[in-house]
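Beneath this line is the structure, given in structure tokens, with notes to follow.
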DNA sequence: GTTATGTTTGACCAAATGGTCAGGATCACG
DNA sequence: CGTGATCCTGACCATTTGGTCAAACATAAC
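Residue numbers (the numbering used here), protein chains in the order written: chain D, 434 to 644; chain L, 434 to 644.
Here it is, written out as structure tokens:
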């Protein structure tokens with residue numbers, strides 16, 4: 434056994450805290466831009482202002498950094514869905530969720546791309562999390578949506594596909610940012626205001642019950 | 434200059450045709466599954482049933498294979514949008530487009546992931562194509578959509594964002610296939626029939642002009 | 001100031017990887 | 001069948017990359 438790297442100890446020194454943070458921030462940059470295989474430990478170390486051996490003093494491997502990053506980000510990433518309130522006004526709640534997700538695409542595109550890249554490649558380092566964490570949450574919220582539909586408070590929709598559509602439409606503006614900006618180009622330097630208008634219209638029409 | 438690899442000659446031998454095809458097929462498999470950096474020339478060669486040096490006899494570099502693959506696939510990829518007919522019935526035309534794109538997600542998920550991965554990482558090998566080929570096409574079709582909206586034949590929508598939404602919603606079922614299947618799991622072994630119903634409803638509601 | 005603990009590094013290694021090359025095998029064709 | 005062009009391969013190379021290690025350096029505690 435290797436007794437060198439800081440095993441899960443009670444006290445975390447200031448230096449540990451600072452460097453761990455710097456490493457994860459750097460790793461987010463590098464992994465989201467290049468993917469797991471495309472990222473090198475050296476790149477991450479340099480971006481974090483550390484030497485490679487020093488980085489490997491804090492994390493035992495490239496894999497470990499990646500895993501720590503994903504699991505550490507998961508809660509943040511799922512927060513908006515967790516906030517979907519079964520006791521709220523259905524259409525409002527869903528529109529709030531859409532806006533929050535779109536806001537996250539704007540504010541946290543690196544995180545979005547990190548997850549997107551992982552899923553795109555079959556999520557070998559995420560399979561467990563998908564089934565164990567994400568699925569229960571999605572099933573729970575889908576049940577809420579189904580209940581709203583059953584009560585006629587929103588139009589009847591397939592709850593899971595509704596959630597998928599919210600994800601795909603909002604995350605598209607982070608994951609495919611280059612494409613979006615290239616195609617809108619001069620006309621619309623910032624796609625997000627118009628995107629919000631478009632998505633609000635879309636989901637309002639989709640969910641408003643028909644007389 | 435290297436005079437060994439088969440330069441653009443008039444006649445293409447049977448062997449050349451067969452091996453070129455095998456290489457591109459194999460490359461599609463490997464690149465779409467692992468990304469550019471994650472794919473190795475050896476993997477591609479093995480998948481194509483060739484030795485690495487032999488593969489490099491047909492393509493001068495890994496980069497060249499990737500480029501040939503992307504450019505070769507582009508026409509196929511954009512065909513559904515090209516078919517959008519300005520003289521057709523607006524909502525029908527768009528629904529046909531949606532269905533075709535969804536069908537492509539089902540039949541050609543590797544191609545979808547290949548492009549997705551490329552855009553996701555800033556599309557360094559696609560920038561030119563985006564601006565030179567895709568943008569004119571999108572602008573043209575967006576103009577068609579705008580005209581339909583101006584004539585009141587569809588509800589007023591931002592044409593570019595409508596196109597983005599069609600892409601993101603349909604390609605989601607290819608690019609994030611693992612996630613979709615994990616979350617639907619036992620309940621719905623094949624997501625596509627329900628996805629089609631959902632998307633047809635969505636775009637019908639989105640585009641039907643309100644009294 | 002000494003000591004124990006925590007932090008950092010230069011030098012190094014083995015494996016993987018993109019690519020080359022000289023020459024051998026095979027094929028098309030007169 | 002013979003000959004030139006095409007096709008294929010084993011051996012090889014340089015570089016990159018994930019990871020290790022002994023030893024130097026800093027830090028905090030006593």
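All residues carry an ideal CB built from backbone N, CA and C; glycine is no exception.
Bear in mind that the values here come from a model prediction, so they are computed numbers and not experimental data.
A contact between stretches requires three or more CB pairs, one per stretch, nearer than 8 angstroms, and the segment 533–541 of chain D fails this requirement with the segment 536–551 of chain L. Cα atoms of residue 503(D) and residue 572(D): separation of roughly 21 angstroms, rounded to the nearest angstrom. Using beta-carbon distances, residue 604(D) counts as an interface residue toward chain L, with a partner under 9 angstroms.
DSSP places residue 462(L) in the uninterrupted alpha helix (DSSP H) bounded by 447–471. Using beta-carbon distances, residue 598(L) counts as an interface residue toward chain D, with a partner under 9 angstroms. Put simply, the CB of residue 544(L) is far from chain D, with every gap to its CB atoms at 9 angstroms or more. Residues are counted here when their Cβ sits less than 9 angstroms from a Cβ of chain D; for the segment 613–628 of chain L these are 613, 615, 616, 617, 618, 620, 621, 624, 627, 628, given in chain order. Straight across, the Cα-Cα distance linking residue 463(D) with residue 481(L) is about 32 angstroms. Proximity to residue 550(D) across 586(D), 570(D), 607(D) peaks at 607(D), based on C-alpha coordinates.
If you check the CB distance, residue 547(D) and residue 506(D) come in under 9 angstroms. Scanning chain D for C-beta atoms nearer than 9 angstroms to the C-beta of residue 452(L) yields nothing, as the closest lies near 26 angstroms away. Within chain L, 552, 555, 556 have C-beta atoms less than 7 angstroms from the C-beta of residue 611(D), given in sequence order. The residue among 485(D), 597(D), 545(D) with its C-alpha nearest the C-alpha of residue 468(D) is 545(D).
Minimum Cα-Cα distance from residue 639(L) among the listed residues 564(L), 570(L), 495(L), 598(L) corresponds to 598(L).
For a Cβ distance threshold of 9 angstroms, residue set 634, 635, 638, 639 of chain L lies close to residue 639(D), ordered along the chain. In terms of CA proximity to residue 455(D), 498(D) leads the group 517(D), 563(D), 515(D), 498(D). Listed along chain D are 553, each with a C-beta nearer than 7 angstroms to that of residue 608(L). Using a CB distance below 9 angstroms, no part of the segment 528–540 of chain D faces chain L. C-alpha of residue 470(D) to C-alpha of residue 486(D): approximately 19 angstroms in a straight line. In this structure, DSSP gives residue 636(D) a helical state, which the three-state scheme calls helix.
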